[in-house]
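To keep things clear, I will list the structure first and then write my remarks on it.
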Amino acid sequence: MNILIIYSHPGRKSYTFRVLKQLVNALQKENHHVEISDLYDMNFQTDMTEQEYEREGFAKIDLPVSDDIAKEHEKIEQSDCIIFLYPVWWSDCPAKLKGWFDRVYSVGYAYGYDANGQKIQKMKKIKSGIVICTAGHSNEFLEETEIAESMRKVMLNDRLGERFDKKEMIILGGTLYIEEVEEFHTDCLRKLVKQIR
Ligand SMILES: Cc1cc2nc3c(=O)[nH]c(=O)nc-3n(C[C@H](O)[C@H](O)[C@H](O)COP(=O)(O)O)c2cc1C
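Just so you know, we're using the numbering used here here: the sequence shown kicks off at 19 and counts up by one.
What follows is the structure in structure tokens.
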């Protein structure tokens, strides 16, 4: 499978970076082709410019999109599976990834309607969408407080939405006590990779 990883963490010494390396190794062992959009490394622009807002806010789909956005669209079109990997920051993804959705999910590509009210969505339907996030809090805490449910709703129901055939989200929680959870996380990742086909 062609797998695109949208990765969003600024630190090479981070636990999330370790997860990225583990994930890429496991995917390559299963003979998947892996491409990574490393948003911090690419210095991906997160803010929408006024010019871009003119296009997005008023659905002027005939206007061109920026080159960096067109490149992300190409990567999406080449992929069968997209994995979003990031740390939970303030109960959501980092602003860098939020900005990727703001700009890459452009009107007329990821959503939109024509003058006759017909849906226009050039983005191909991707076979599989997977969200993996690391979190300082434990999974139990995130479930009890319903933060996990709110993260699932936003990521799976809205951001992945109908654009993917199969969708799943795993929360690798408890990173504040990493030695207690790392083995469990490794096991989750191993199982996840085995079922990607
Ligand atoms: C700015 C910031 C905000 C954070 N907010 C949350 C949060 O809302 N919930 C949570 O469980 N962990 C939170 N964390 C902890 C990170 O999720 C945790 O550090 C990360 O998943 C794993 O560590 P890493 O940065 O080494 O990859 C936050 C960390 C930072 C730096």
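Each residue gets a CB set at the ideal place from its N, CA and C atoms; glycine is no exception.
In the structure shown, Leu57 falls within a coil segment according to DSSP collapsed to helix, strand and coil.
For Ala153, the CB falls within less than 7 Å of some heavy atom of ligand 1. Beyond the five residues adjoining it in sequence on each side, Val149 comes within less than 6 Å, by CB distance, of Phe102, Met173, Met187 in the same chain, given in chain order. In the DSSP secondary-structure assignment, Asp110 is bridged to Trp107.
Annotation for Asn20: the continuous beta strand (DSSP E) segment containing it runs 20-25. Between Ser55 and the set Ser97, Gly29, Ile87, Leu22, the nearest pair of CA atoms involves Leu22. Under the 10 Å beta carbon count, Arg208 is surrounded by fewer than 16 other beta carbons and is classified as exposed.
Thr152 is bridged by DSSP to Pro105, Leu190.
As computed with DSSP, Ser124 is found in no beta bridge at all. Straight through space, the alpha carbons of Phe182 and Asn134 are spaced by roughly 25 Å. Taken through DSSP and simplified to helix, strand or coil, Val52 comes out as strand. Contact between Gln139 and Gly130 holds, since their C-beta atoms are separated by about 7 Å, short of 8 Å. With a threshold of 16 other beta carbon atoms within 10 Å, Tyr25 meets it and is buried.
Remark: the shortest separation between the CB of Thr163 and any heavy atom of ligand 1 does not fall under 7 Å.
One Cα belongs to Gly29, the other to Gln136, and the distance between them is close to 43 Å.
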